[in-house]
Structure formats: C-alpha cells, structure tokens
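Working notes, structure below.
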Amino acid sequence: LVRQEGIFVGGSSGAALIGAIKYARTLQGPKKILVLLPDSGVKYLSKLYNDTWMRENGLLKGAEDYGLIRDMLDEHPKEVITAQKTDSIRSVVDKMREFGISQVPVLDGDTLVGMITEAELMRHLLDQKRDIDEPIAPIVNPNVTRIGPYATVDSLAEIFSAGNVGIVVDQGKVIGIITKIDYIDYLANVTRS
Numbered sequence: 126l127v128r129q130e131g132i133f134v135g136g137s138s139g140a141a142l143i144g145a146i147k148y149a150r151t152l153q154g155p156k157k158i159l160v161l162l163p164d165s166g167v168k169y170l171s172k173l174y175n176d177t178w179m180r181e182n183g184l185l186k187g188a189e190d191y192g193l194i195r196d197m198l199d200e201h202p203k204e205v206i207t208a209q210k211t212d213s214i215r216s217v218v219d220k221m222r223e224f225g226i227s228q229v230p231v232l233d234g235d236t237l238v239g240m241i242t243e244a245e246l247m248r249h250l251l252d253q254k255r256d257i258d259e260p261i262a263p264i265v266n267p268n269v270t271r272i273g274p275y276a277t278v279d280s281l282a283e284i285f286s287a288g289n290v291g292i293v294v295d296q297g298k299v300i301g302i303i304t305k306i307d308y309i310d311y312l313a314n315v316t317r318s
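This is the structure:
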C-alpha cells in the first residue's frame, strides 16, 4: 500500500484490504466498498517496512531470486584484467587505456592485495613529480570488497551503495569483477525474461 498508494499502514490494514477485495469479487455488478484500515505502519518499521526482513521471511521477491554471482559471471564471461604489485605505474596506465577500464585488481602472485583506480593514479601523479616507472605497490588501495561466486546477486547492492566494486574471489583467486553497470545490465535482462 505504501509503495503504490502512499498509505503508511500495518499488516492488519493489508489483511483488511485483501479481505475486501475477495468480498468484492463475490458481488454482482459495481459496488462501493468502504474499508477501514485499522493500524499504522509506525510499529512495523523493523519488519514490514524492512526489505531485508521481508526477504529473509520469504515475503518479498528480491535480487537473490535472480541467482548467484556465478550466474552473472557465466552469462557474460569476461577476461579479468589484473596487475601485479611490482608492475610499474606506466604499465598499469597502458593496460587501463588498452582495455578501456578505470580500475584494476592488484595481485601478489595469485593473491589479491588491493585495487588501483584512475583516481588513485591521478592523485599520486599530481601529488608531486613522480617516476612513472616506479612500482604501483605503495599506491594500491588494500580496502577491497571480496565476494564469493556463491553469494546472492542481492549482496551486490550493499557493496555498490558503499561505493565499491565486487571483486569475485574463488579459492583465493580472482575470477571476476562486477561493476555497477554489470549489475544493472544483469538485473535488466533477468527482469525482461
């Protein structure tokens, strides 16, 4: 009711409305029906008006109904472009330009150690005269969000709202990166089918 009609009521009001609709279907011809909505939504903020609680209790279809992270990766397989922490700034910039990407996961061998973005590179290079052939290790942002392939698509919303990217790690290896546009594209395609 709140989403479609802007009426902020509780569960009893929803039940009253459903009852009235069922009753109206039994009537012959058009009739006017008055439905009293007996409660307010104030008492239900942590339940009926909490999408997480509603999903956990099977009362709301959510993004988790759209599958797992691995489903997104399987639908549009992409090569994961990475850099090693010993790579030079120059080689990382060249890689970003070549592949048209704005961020690169940084590895130490096969282990994810962080992410490097255009913004971090720009800040670093503008900070003072820097040697573009120095390694990227000192400017790698270690605060990355790892997500497993068996996590639900739903879990991406929180990652993106925090301004992060989803780096998919399976058994310690980076197997994918999911950006906001990947997420939007996946949801749009799943919704259409």
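For what it's worth, the working numbering labels the leading residue of the sequence shown as 126, then goes sequentially. Backbone N, C-alpha and C define an ideal beta-carbon position, used for all residues, glycine too.
- Note: residue 291 is bridge-paired with 303 in the DSSP secondary-structure output.
- Counting along the chain, the unbroken alpha helix (DSSP H) around residue 217 starts and ends at 214-224.
- Residue 266 carries a strand assignment under DSSP once its states are collapsed to helix, strand and coil.
- Proximity to residue 218 across 145, 247 and 301 peaks at 247, based on C-alpha coordinates.
- If you check the CB distance, residue 179 and residue 278 do not come in under 8 Å.
- Contact annotation: the region 248-259 does not touch the region 223-236, with fewer than three C-beta pairs closer than 8 Å.
- Taking C-alpha positions only, residue 170 is separated from residue 313 by approximately 29 Å.
- In this model, residue 295 and residue 310 are separated by some 23 Å (Cα to Cα).
- Boundaries of the beta strand (DSSP E) around residue 239: 236-242.
- Secondary structure at residue 146: helix, using DSSP grouped into helix, strand and coil.
- Here residue 193 carries a strand assignment [DSSP, helix/strand/coil].
- Buried is the label assigned to residue 281, since at least 16 other Cβ atoms lie within 10 Å of its Cβ.
- Within a 10 Å sphere around the beta-carbon of residue 129 sit fewer than 16 other beta-carbons, which makes this residue exposed.
- Between the region 159-175 and the region 134-144 there are three or more C-beta pairs closer than 8 Å, enough to call the two in contact.
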